[in-house]
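Here the sequence shown stands for residues -19 to -1, 1 to 434, where the numbers follow mature numbering (1 follows the signal peptide of the UniProt record, and there is no 0).
Glycine included, C-beta positions come from ideal geometry on N, C-alpha and C.
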Amino acid sequence: MRLLFLLETLAVAVKPPQALLAKLIAEPEDQFFAQPAENEHDQGPPRPFWVFDADALATNEAWNCAFVMAAAGILCAAGGIGGGGIYVTVLMVAGGLPVRDAVPLSKAVVFIGSISSLFLNLRKAAASSDALIDYNVCRLVVPAALVGTYLGVLLNSLVPTWAVLLALVGILVAISYMILRTTWQQYAEEEHFSHPPIPPVPANSLAKELKTESVPEVSVKCVREVQTVTRTDVILSAAMLFVVVTGSAFRHHAMQCQKAHEKDREKACHHPTLFWLESATLLSWMQSPTIAAFIKVFFFLGPMLLCLLVLGYVAKSLANDGWSSSLLGKFSLMSATTGCLAGFVGIGGGLIFSPYFLLMGLEPAVAVATSSTCVIFTASSTTFQYLLTDRVIMSLTLLYGTINLVSSYLGTSLVHCLQDHLSARRSAISGIVSLGVVISTILALRQLTIEVL
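This is the structure we're talking about:
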C-alpha cells in the first residue's frame, strides 16, 4: 500500500512529458516575449513575425474577409485606385480585427502588391524608348515620404483608436468625392464623344485659363542623365529606408524595456530583433536618465535629419534644373503628408501620389508608374516598422497578400476585357468602384461611432 501511495504521489508531482510538451506548445510566447508595457493606446498581444499564427486562419471571419478582400481588390484595380484605406475597413468589419491589427496588416498587403507593380513598371520602362518613370520626382518624394512614415507609425501607437478611425473616415470621404467626380467626368467625356464634336476653342484662350505651375518638361538628354544616376538614387533611398526602419524599431524596443514591469523587464530588454545587444547593456542604458533621454531624442530626430539632408541636396539639384522653390515645397509637403497618412491609417499612398502628379503636369502613364515607384518606399517603410515591432499577423499577411496579387491582376484584366470586347463604358466601372468606396466609408463611420460610444 505504501508503494502504491508513493507512486500516486509521484504521478501527481511529476507531469508526464506529453503534458509538459503540450504546455510548451500552448504558451510559447509567454516564454520568449514580454507582454507589452502599459499603454492605453497600444494594447494587444505581440505579433512576432517569425511565429506563424495558424489559429488566425482557423476562423470563419478570416475566410469571409478573404472573399471580401478579393472582391475589393478587383474593384480597386478596375477603378485604378489604391485599396489601402478600403482594406482597413474590410479587415475591421469582415475580419473582426481591431484597428491596432488592421492598419499594419493593410500596409503589409499593400506592400506585397506594390512589389509586383514596381517590377511591371521597371520592365515597361526598360522596353520603352520614352521615359516611363520620372526619377527626379522620385528623388524628391522619397526622402520626405520616409519622414512622414516615421511620424505616422509613431502616432498610430500614441493616439487613441477613435483618432485613427476619424482620420480614416476623413480619407475615405475624400476618396469618395474624388472617385465620384472622376466618374462624372468620364461620363461627360463619353457623352461628348458620342455626339458630333464641338468646334475647338483657340489655343491662346485655353493657355491663359489652364496656365499653372507644373513640373519642368523632361528632355531626352535629361532622361539619359537621370538613368545614369538611378543606381545611386536607389542605394541612397535604401540607406534612408534602413535608417528609418531600424531607428524606429530600436526606439520602440528601448521604450518597452524602460516601461516594462520588473518581472518582464529581462524579456523586454532582450527582444530577438536586438540579438546584437546584450539585455543587461540596454537595461543599464535605459535606467540612466541621461542615456535614456539621448536614445529617445537621437533615434527620433536622427533618421528624420538624414532624410531631410538628402531632401535638401535633391532640392538644390532640382532648383538648378529649373524647379521653383514653391514647387519643391509643394512636393515635399505633399510627400510628407502622404507618408504620415500611410503609417497612421494604413493607406498605400498611390491614391494621393497619382492625382497630384497628374495635377503637376506629368503624363498619365508617367504619373502612374512614378507613383508606383514611390509607393514601394512608403509601403516598405511602414510595413517593416510594424513588422519589427510585433504588429503584423504573418499568417493573414500571406493569405491576404496573395489574394491582393491575384485580384489586382484580375481587376486590370477585367477592365481591358470589358473595354475591348464588350464596349463597356469606363464610367460604369468607376461607378461600381465609387459605390464600394461609399459603403466602406459608411462602415468606417459605423466603427467610429461604436468606438466613441
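Of all the options the options, which has the alpha carbon lying nearest to the alpha carbon of residue i?
i    : options                   : result
I114 : R162, R81 and E344        : E344
E247 : C288, S260 and G303       : S260
I328 : Q237, L153, I384 and L368 : L153
A144 : T383, S352, V418 and L322 : L322
A317 : S305, L289 and K297       : L289
D371 : G76, E432 and V134        : V134
G64  : W31, F100, S157 and V118  : S157
F92  : V278, A409, V32 and T363  : T363
H252 : S265, H233, W266 and E243 : H233
Q166 : S408, V414, L424 and Q428 : S408
If you draw a straight line from the alpha carbon of residue i to that of residue j, how long is it in whole angstroms?
i           : j    : result
S307        : V123 : 18 angstroms
residue 495 : N45  : The chain is shown from -19 up to 434; residue 495 falls before or after that span and cannot be answered.
Y390        : F358 : 21 angstroms
S361        : A89  : 8 angstroms
G54         : T271 : 49 angstroms
T430        : R81  : 17 angstroms
L132        : R104 : 33 angstroms
A219        : F365 : 13 angstroms
D245        : L426 : 38 angstroms
Y168        : F334 : 24 angstroms
S186        : C355 : Below a pLDDT of 50, predicted positions are generally treated as unreliable, and S186, at 43, falls in that range; no measurement from the model is reported.
F281        : L72  : 30 angstroms
A126        : T319 : 7 angstroms
Y294        : E171 : 45 angstroms
L309        : Q237 : 38 angstroms
I96         : D34  : 24 angstroms
G331        : C398 : 24 angstroms
V326        : L146 : 8 angstroms
V349        : V215 : 19 angstroms
G382        : A241 : 33 angstroms
T351        : W257 : 37 angstroms
K277        : Q268 : 13 angstroms
T213        : W304 : 21 angstroms
F100        : V418 : 28 angstroms
C250        : F275 : 17 angstroms
F13         : P27  : At F13 the pLDDT is 42, less than 50, meaning the model places this residue with poor confidence and gives no usable figure here.
E8          : P79  : With a pLDDT of only 42 at E8, under 50, the local geometry of the prediction cannot be trusted, and the value read off the model is given with reservation. Rounded to whole angstroms, E8 to P79 spans 23 angstroms at the Cα level.
Residue i lies in the alpha helix (DSSP H); which residues open and close that run?
i    : result
V288 : Note on identity: in this sequence residue 288 is Cys, with Val being the wrong assignment. Its alpha helix (DSSP H) spans residues P270 to N301.
H242 : Here H242 belongs to no alpha helix (DSSP H), and DSSP marks it neither H nor E.
L308 : S306 to V326
F338 : G331 to L340
V128 : Y116 to L139
C355 : P345 to L369
R162 : T142 to F174
V74  : G65 to V74
My assumption, with CB atoms under 8 angstroms, is that residue i sits in contact with residue j. Please give the rounded CB distance.
i    : j    : result
N385 : G94  : 5 angstroms
A230 : T254 : 6 angstroms
L30  : V433 : The question names Leu, but residue 30 is Phe in the sequence shown. Rounded, the Cβ-Cβ distance is 32 angstroms, inconsistent with contact.
S388 : A51  : 5 angstroms
T164 : G412 : 5 angstroms
L121 : F312 : 5 angstroms
Compare the C-beta of residue i against all C-beta atoms of chain B and say whether one is closer than 7 angstroms.
i    : result
H242 : Going by chain labels, chain B is absent from the structure shown, which holds only one protein chain.
My output table needs one value for residue i: the three-state DSSP class, helix, strand or coil.
i    : result
I420 : helix
V210 : Confidence is the limiting factor: at V210 the pLDDT is only 48, short of 50, which leaves the residue's position unreliable and the question unanswerable from this model.
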